[in-house]
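*Asks:* Those letters in the sequence shown? Residues 101 to 373, by this note's numbering.
Beta carbons: idealized from backbone N, C-alpha and C, even for Gly.
Since the model is a prediction, treat every value here as computed from it, not as a measurement.
Would you mind keeping the following structure in view while I ask a few things?
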Amino acid sequence: MDIRGFDEARAGRGSDPTEGGIGEATKVIGGDERRMHVRAYNHWVSLLKGRSYPAIEDLETAGPTDFQAHGVLLDFTGGMDDPAISAIGEALSEECGVHQEISRISQVPARSLLSRLTDQYLQIIANRAPIGFEAEFVGTRGHNTLYRGILMPFSSDGEMIDHVYGVINWKEIVGAAEQAQLDAELAAAVRSQPRMEAAPAIWADGPSASRDEGRRLDDVQRAPLATLALDVPAGAEQLVVLLARARGDGMFDVVGAIPDDQDLADRAAAALS
């Protein structure tokens, strides 16, 4: 795991406080994850107001942020051994399988993403500055997960660190074996579906052309090759896996659909994320 304090990173780099401050990546996670932590750090800087640490009151009154769902607030006012958890974001809570309210670090589930973040809290006391970290681990569902986290100090009196706010983001990795199984299931499901017949092509100036001159050529070119009606309850949202054949002109012909395999659709969507 790579752990680096922001002050340490800035000492050997440029003036950009976000460059290298979250640790040099041994695994490339992606721009969205990095941008979240840059935004969190910039938010922390905006609350400094010339002080060594931002006031915890400013964090609590700053209003919601776009990374709040991925955050956790630790409270050390009752002691360092087992800090209190004052708040935990909804996305982080769901990812860690926290189904009941937890109020102490000792209650954090082992091998959860939350534990990867809270395990680092003593580092921030030693560094007295924001620290970032990233690594890969196998989560509670058995999936390899890349994660990136940042911890930022806050103070009630402007002198002592007695609160730490952490933000963490993650991305599950589909292994080669799981991807191969997904591909095989997709191919088998497509073979089991009846072939969807494409609608006959309409030429703008051919024998099937309409006498109505109001229909333009570009409208015809944008017309779908086929239309598939699915029996989905009104108001329901459902992912459907489609199989398309690539043509030489760069277009695609849809040849089949798998409307009733939600698990396959979810896994295909996860593989594309």
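Looking at the strands, I want to know which residues DSSP matches up with Trp270.
*Replies:* DSSP, once it has assigned bridges, lists Tyr247 as partnering Trp270.
*Asks:* Where does Arg139 sit, in a helix, a strand or coil, going by DSSP?
*Replies:* Arg139: helix per DSSP, three-state reduction.
*Asks:* Tell me the residue span of the alpha helix (DSSP H) that contains Ser215.
*Replies:* First-last of the alpha helix (DSSP H) with Ser215: 213-218.
*Asks:* Using the three-state DSSP reduction, which class does Arg367 fall into: helix, strand or coil?
*Replies:* Here Arg367 sits in helix by DSSP.
*Asks:* Within the stretch 135-201, note down every full beta strand (DSSP E) run reaching 3 residues or more, in order along the chain.
*Replies:* Counting whole runs of 3 or more residues, the stretch 135-201 contains the beta strand (DSSP E) stretches 171-175, 184-188.
*Asks:* Here's a check: name, in chain order, each residue in its chain whose Cβ is nearer than 7 Å to the Cβ of Glu426, leaving out the five neighbours to either side.
*Replies:* Since the first residue shown for the chain is 101 and the last is 373, residue 426 is missing from the structure and cannot be characterised.
*Asks:* Inspect the beta-carbon positions of Gln220 and Phe237 and report whether they are closer than 7 Å.
*Replies:* No, they are not a contact pair.
*Asks:* Closest by CA to Glu195, which one among Gly171, Ala162, Gly163?
*Replies:* Glu195 has its Cα closest to that of Gly171, out of Gly171, Ala162, Gly163.
*Asks:* So, using beta-carbon positions, are Leu251 and Ile231 closer together than 7 Å?
*Replies:* It is a contact, given that the beta carbons lie within the stated cut-off.
*Asks:* Would you tell me roughly how many angstroms separate the C-alpha atoms of Ser186 and Pro164, rounded to the nearest one?
*Replies:* Each residue's Cα considered, the two are about 15 Å apart.
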